[in-house]
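*Asks:* Residue numbers are given in the working numbering: position 23 of the sequence shown equals residue 27, and the series is strictly consecutive.
For glycine and all other residues, C-beta sits at the position ideal for the given N, C-alpha and C.
Quick one: structure below, then a few questions.
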Amino acid sequence: MKSKYEDYEREESDGAGFVTGLFLGAVIGAVAALLYAPKSGEETRQEIKDLADQQKDNLKNQWDRTKEKAADVVNTAKEKLDSVAQKASNSVDVYADKAIDKVIQVADDAKSTVDKFRQTNDQFGNSEQI
Numbered sequence: 005m006k007s008k009y010e011d012y013e014r015e016e017s018d019g020a021g022f023v024t025g026l027f028l029g030a031v032i033g034a035v036a037a038l039l040y041a042p043k044s045g046e047e048t049r050q051e052i053k054d055l056a057d058q059q060k061d062n063l064k065n066q067w068d069r070t071k072e073k074a075a076d077v078v079n080t081a082k083e084k085l086d087s088v089a090q091k092a093s094n095s096v097d098v099y100a101d102k103a104i105d106k107v108i109q110v111a112d113d114a115k116s117t118v119d120k121f122r123q124t125n126d127q128f129g130n131s132e133q134i
């Protein structure tokens, strides 16, 4: 059975592949255009440097967005884990309270039985201590 997190991860990885392919295609196309353009070597080198700087900035932005998404996923997981832990704690408290009530009831029933036995014993004249 797939969880919604597996679907989310699959969607994210499909999107990452698309972005990577798009990025590589843009870089290859830009480099090819620069190499076949009728410009001087110095102009071409400057354009390649500018393109490399631009792509570096794009990669940094993509990395920052990826870190933000990862932080969101971690925060969501923490919130859900806290919720599950709180529910479990509440359940344990409820069962503990029920167990304590049951122990008290059994103890009261035992005391009542002992008291009845003592009364019966006293009625028949037995003076032994119970």
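1. Does the region 56–67 come within contact of the region 89–103, defined as at least 3 CB pairs closer than 8 Å?
2. For alanine 34 and phenylalanine 22, what's the separation of their Cα atoms in angstroms?
3. Check alanine 41 in the structure and name its three-state DSSP category.
4. Select from Ala30, Lys120, Asp112, Arg122 the residue whose C-alpha is nearest the C-alpha of glutamine 58.
5. How is phenylalanine 128 classed by DSSP in three states: helix, strand or coil?
*Replies:* Considering the structure as presented:
1. no
2. 18 Å
3. coil
4. Ala30
5. coil
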